Each structure stands twice: as structure tokens, then as C-alpha cells.
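Note sheet for the following structure.
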Amino acid sequence: MEKIVKDVGDIQSRLIDHRPVLQGEIRYFIREECRLLENLNKMTSYTNEHDLPRCTESMHEKLCDALTRLEAVNHMAQRIQQRELEAEQNSTGFHSLTILCLLLFFSNFLMQHKYKHHCKSTNKYNQKYKAELIYKVLFFF
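The numbering of the sequence shown is the UniProt record's numbering, which starts it at 1 and goes up by one.
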């Protein structure tokens, strides 16, 4: 009888106690993560040794080319500005006419804006009072 109780206790402890299984799973998980980290480390070192210098050199070449283009464009823009400044100094009457046209345009623009705002508010009040009138007609007559 004592042996049966001991065997039942051993069976019960094996069924309930999962520590050995969990420890094996944890060891497997740790080994797998270490393998993945080693692969990432290898990829990072390969990238640092091979791809990074090549990309840096290519970027330096492209940036130098872009810088020379930008300097050329900047020089052309300065020449255009100089020509415009000379033309503006030669035509002061045209400048005053341009200012007058701009003033007329902006005053017309402001009047249109005021008119649109007036139309919106008028429509809003019309709708409001129309709704009140319909309400009064329907419920008071």
C-alpha cells in the first residue's frame, strides 16, 4: 500500500510539476534568440564594412555635383535679378502704374469679399426666419 501511495504521488508530481518542460523551453528560446542576435551582428558588421563606405562615397559625389549645379543656378538668378533691377530703374512710370493696378485689384478683391460675406449672412438670416415662419404657420393656424 505504501508503494502505491508513493507511485501515485510520483505520478501526480510529474503531471502537476511542469518545471523541467518549462526550463527546456526557456533554454531553447534563449538559444534561438542568441542565434538571431548573432545573425544581426554579422549583418551589421558586413553593412558597416562594405555598404557604408560605398554609400558614403556615392553620396559625396552626388552632393558635390548638386553643389556645383546650385552655384550655377544661383549665379544665373543673380544675373536675372540684376537685369530686373536695371529695367525697373529705367521705367519708374511703369512701376507707379503697377502699384496703382495692384491697389485697384486689392480694393476690388476686398469689395468682393465683403459682398460674399453679406450674401452668406443674408442667406443665413433668410433661412432662419423662413424656418420660424413655417413653424408659426404650421402650429399656430
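Idealized CB from N, CA, C, for every residue including glycine.
Keep in mind it's a predicted model, so treat the numbers as computed, not measured.
Coil, strand or helix - H113 by DSSP: helix
Under 7 Å Cβ to Cβ from M1, same chain only, skipping five residues before and after it: list those, please. none
Over what stretch of residues does the alpha helix (DSSP H) that includes H75 continue unbroken? 52–90
Below 8 Å CB to CB, which residues in the same chain sit around I127 once its five sequence neighbours on both sides are set aside? Looking at the sequence provided, one finds Gln at residue 127 rather than Ile. Nothing meets the Cβ criterion.
At the level of alpha carbons, what is the spacing between N74 and E84? 15 Å
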